[in-house]
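Beneath this line is the structure, given in structure tokens, with notes to follow.
2 protein chains.
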Amino acid sequence: MRVVSWNVNSLRRRLPRVLGLLERHEPDLLCLQETKVSDDEFPHQDFHDAGWEAVVHGQRTYNGVAMVHRRGEQLEDVQRGFPGDPVPEEARVLVATFRGVRVANLYVINGQEVGSEKYERKLRWLDALQAWLAEALAPADPWLLVGDFNVAPGDEDVWDPEVWRGRIMFSEPEHERLERLMGLGLEDLYRRVHPDGRDFTWWDYRGGAFHRKHGLRIDLALGTPPVARRCRDVAVDRDERKKGAWEVGPSDHAPLVVDLED
Amino acid sequence: MRVVSWNVNSLRRRLPRVLGLLERHEPDLLCLQETKVSDDEFPHQDFHDAGWEAVVHGQRTYNGVAMVHRRGEQLEDVQRGFPGDPVPEEARVLVATFRGVRVANLYVINGQEVGSEKYERKLRWLDALQAWLAEALAPADPWLLVGDFNVAPGDEDVWDPEVWRGRIMFSEPEHERLERLMGLGLEDLYRRVHPDGRDFTWWDYRGGAFHRKHGLRIDLALGTPPVARRCRDVAVDRDERKKGAWEVGPSDHAPLVVDLED
DNA sequence: GTGAACCGGG
DNA sequence: CCCGGTTCAC
Numbered sequence: 042m043r044v045v046s047w048n049v050n051s052l053r054r055r056l057p058r059v060l061g062l063l064e065r066h067e068p069d070l071l072c073l074q075e076t077k078v079s080d081d082e083f084p085h086q087d088f089h090d091a092g093w094e095a096v097v098h099g100q101r102t103y104n105g106v107a108m109v110h111r112r113g114e115q116l117e118d119v120q121r122g123f124p125g126d127p128v129p130e131e132a133r134v135l136v137a138t139f140r141g142v143r144v145a146n147l148y149v150i151n152g153q154e155v156g157s158e159k160y161e162r163k164l165r166w167l168d169a170l171q172a173w174l175a176e177a178l179a180p181a182d183p184w185l186l187v188g189d190f191n192v193a194p195g196d197e198d199v200w201d202p203e204v205w206r207g208r209i210m211f212s213e214p215e216h217e218r219l220e221r222l223m224g225l226g227l228e229d230l231y232r233r234v235h236p237d238g239r240d241f242t243w244w245d246y247r248g249g250a251f252h253r254k255h256g257l258r259i260d261l262a263l264g265t266p267p268v269a270r271r272c273r274d275v276a277v278d279r280d281e282r283k284k285g286a287w288e289v290g291p292s293d294h295a296p297l298v299v300d301l302e303d
Numbered sequence: 042m043r044v045v046s047w048n049v050n051s052l053r054r055r056l057p058r059v060l061g062l063l064e065r066h067e068p069d070l071l072c073l074q075e076t077k078v079s080d081d082e083f084p085h086q087d088f089h090d091a092g093w094e095a096v097v098h099g100q101r102t103y104n105g106v107a108m109v110h111r112r113g114e115q116l117e118d119v120q121r122g123f124p125g126d127p128v129p130e131e132a133r134v135l136v137a138t139f140r141g142v143r144v145a146n147l148y149v150i151n152g153q154e155v156g157s158e159k160y161e162r163k164l165r166w167l168d169a170l171q172a173w174l175a176e177a178l179a180p181a182d183p184w185l186l187v188g189d190f191n192v193a194p195g196d197e198d199v200w201d202p203e204v205w206r207g208r209i210m211f212s213e214p215e216h217e218r219l220e221r222l223m224g225l226g227l228e229d230l231y232r233r234v235h236p237d238g239r240d241f242t243w244w245d246y247r248g249g250a251f252h253r254k255h256g257l258r259i260d261l262a263l264g265t266p267p268v269a270r271r272c273r274d275v276a277v278d279r280d281e282r283k284k285g286a287w288e289v290g291p292s293d294h295a296p297l298v299v300d301l302e303d
């Protein structure tokens, strides 16, 4: 089965590209972040008309996550947010069971700048996420965490680690949190299949970062062993970040395509 | 020769439709109002590439007028603003001689609401315009005044005169000013060729006014006798106010197409 | 650089 | 209802 994760930076703006991605990749499950749309304004009809159904956890202006699956299939035990979330008013987490796999769709706090108030909130939020998953997740169970983690795991995941070291998305406290999370028994599926891969998933809109290949790999897929064993490929749809013939520009993130053996 | 007048409500936004209009109507002179663009940001290149040249008198955000003619032809004695303008910082008037006709491209102050401070400014501005034209214009000379007058001349120029009487664009003091202006020897060219015409040129964006035919004729072409005699037709391009297959929506004004015998 | 919200202007 | 500017977030 195929799971795609994509930070769309406004679903309403990106809708034609999202529908195009569904046609192009034919995922079984699409996890969206930064939908920036409240649940009552979610474009359910457009997905329905194209043969899909969406489970949403959104808000106006900021954040917002959603999971899209084929009509006829079901998401089970849907959970919005997580117990202990220090900012439960922000729609950042959507969890559901799909074909027996517990899938968590995450949009981690960005943190703006190391040392800022928002950065401290990011660390505390990751601590709370850790506490919840330590409780909820057993390594023997099939779990898949996907989304925008707003942390690049290692030196190979940043276009220039010396430029980025200590900065937001690449600071030691953030790395500690990510490593602690993976200590629960989660493996970075992209790195598993591409030990020397240099694919990025995010490029700043400014300064021609995409063209200059100044990217970061901050969109991740983490799996417990039962899921990691099934992982055949993880690929970045870098073309989606290009302008293309769409009536709307690209998101600043590229979709992450995860293929698991059935 | 054909002169088109159009309040575009932002030239940058409406540029594709303006270029389309040039192709569709092939005017000899296009007078634009509410370009809302400063002279250094005017899209000269786009007009040049399509075979046209623009003489501009613009500002950022508000107002702004421009005159577009074929490359190779010239506008002579270009005048920006007029002597005695009480608000010379607002780009509302552009005058130039084209093929021997003195053409004044006007964007009259809207006035917001009868009795308001802006309404009083509108009346004083029309008084100043009158004083200048009384000085500058002789009825024996070929003059053509076009643009957004923000005044509907008579009952036939308003979808419901009883609703509009006394309101902005249809108040007695505004009518006095317009009649006094025409007293200089100017004729309403649309009314000359269509004595019983009921074409409107502006419809509020709100409340489906266009669809309900709730319009006003506030975009005018006034001519001295030497020009009026040459007038063959004045038509409103109502189709331009429709949505169409353009990538941008319409202006709230429709273009006015004036045909003069050569 | 891009998006959404809010505001003033029409 | 639409446009431009501003502010804020990322």
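Those protein sequences? They're chains Y and W, same order as listed. Counting in our numbering, the first sequence runs from 42 upward without gaps. Counting in our numbering, the second sequence runs from 42 upward without gaps. Cβ atoms here follow ideal geometry from the backbone N, Cα and C, with glycine treated the same way.
Assuming the contact rule is C-beta atoms closer than 8 Å, Gly305/W and Tyr231/W should be a hit. Round their C-beta distance to whole Å, please. The structure shown does not extend to residue 305/W, since chain W is modelled only from 42 to 303, so the question has no answer here.
Arg165/Y in three-state terms, based on DSSP: helix
By a C-beta neighbour count over all protein chains shown, 10 Å radius and 16 as the cutoff for buried, is His294/Y buried or exposed? buried
Where DSSP assigns a beta bridge to Tyr148/Y, which residues make up the other side? Asp189/Y
Since Asp278/Y and Pro296/Y should fall inside the 8 Å C-beta cutoff, what is the C-beta to C-beta distance between them, to a whole number of angstroms? 4 Å
Taking DSSP as the reference, what is the three-state secondary structure of Asp274/W? strand
Identify which residue in Ala172/Y, Arg271/Y and Gly290/Y has its Cα closest to the Cα of Val44/Y. Arg271/Y
If you follow the beta strand (DSSP E) that Ala95/W is in, where does it begin and where does it stop? Trp93 to His98
To the nearest angstrom, how far is it from the Cα of Leu222/W to the Cα of Gln171/W? 6 Å
Is DSSP giving Ala311/Y helix, strand or coil here? Look at the range of chain Y in this structure, 42 to 303, and you will see that residue 311/Y is not part of it.
Is Leu52/Y closer than 8 Å to Val78/Y when the C-beta atoms are compared? yes
Is the beta carbon of Arg264/W less than 8 Å from the beta carbon of Leu219/W? Position check: residue 264/W holds Gly in this sequence, whereas Arg was assumed. For Gly264/W and Leu219/W, no; Cβs fall outside 8 Å.
For Leu63/Y, which of helix, strand or coil comes out of DSSP? helix
In angstroms with no decimal places, state the Cα-to-Cα distance between Phe123/W and Leu174/W. 9 Å
Less than 6 Å between C-beta atoms, sequence neighbours within five positions excluded: which residues of the same chain meet that for Leu167/Y? Arg218
Among Phe190/Y, Arg143/Y and Trp287/Y, which residue has its Cα nearest to the Cα of Pro267/Y? Arg143/Y
For the beta strand (DSSP E) holding Arg43/Y, just list the boundary residues, first then last. Arg43 to Asn48
Please work out which residues of its chain come closer than 7 Å, Cβ to Cβ, to Asp303/Y, disregarding the five sequence neighbours upstream and downstream, and give them in chain order. Met42
Residue span of the alpha helix (DSSP H) that contains Val234/Y, given as start and end: Leu230 to Val234
Once the 5 residues before and after Phe190/W are set aside, which same chain residues still bring their CB inside 8 Å of it? Leu147, Val149, Leu219, Ile259, Asp260 and Leu261
Since Ile209/Y and Gly256/Y are thought to touch, with beta carbons under 8 Å apart, how far apart are those beta carbons, to the nearest angstrom? Rounded, the Cβ-Cβ distance is 15 Å, inconsistent with contact.
Use the C-beta contact count for Val49/W: other C-beta atoms within 10 angstroms, 16 or more gives buried, fewer gives exposed. buried
Is the beta carbon of Val268/W within less than 7 Å of some heavy atom of the ligand ZN? As far as ligands go, the structure on display features none, and thus does not contain the ligand ZN.
Inter-residue spacing [alpha-carbon to alpha-carbon] between Ala107/W and Cys72/W: 6 Å
In the DSSP assignment, what residue or residues form a beta bridge with Glu302/Y? Looking at the DSSP assignment, Glu302/Y forms no beta bridge with any residue, so it has no partner.
From Pro183/W to Pro84/W, what does the alpha carbon distance come to, in whole angstroms? 31 Å
From the DSSP output, in three-state form, read off Trp304/W for me. Since the first residue shown for chain W is 42 and the last is 303, residue 304/W is missing from the structure and cannot be characterised.
If you reduce the DSSP assignment to three classes, tell me which class Leu170/Y lands in. helix
Should Trp200/W and Lys254/W be called a contact, given that it needs their Cβ atoms to be closer than 8 Å? yes
The alpha helix (DSSP H) with Leu219/Y in it runs from where to where? Glu213 to Met223
Quick check on DSSP: helix, strand or coil for Glu114/W? strand
Using the rule of at least 16 other Cβ atoms within 10 Å of the residue's Cβ for burial, across every protein chain shown, is Glu161/W buried or exposed? exposed
For the alpha helix (DSSP H) that contains Asp260/W, what are its first and last residues? From DSSP, Asp260/W is part of no alpha helix (DSSP H) but of the beta strand (DSSP E) over Asp260 to Gly264.
Alpha carbon to alpha carbon, how far is Leu301/Y from Gly92/Y? 22 Å
Residues in its own chain within less than 8 Å of Arg111/W by CB, not counting five upstream and five downstream? Asp69, Gly92, Trp93 and Glu94
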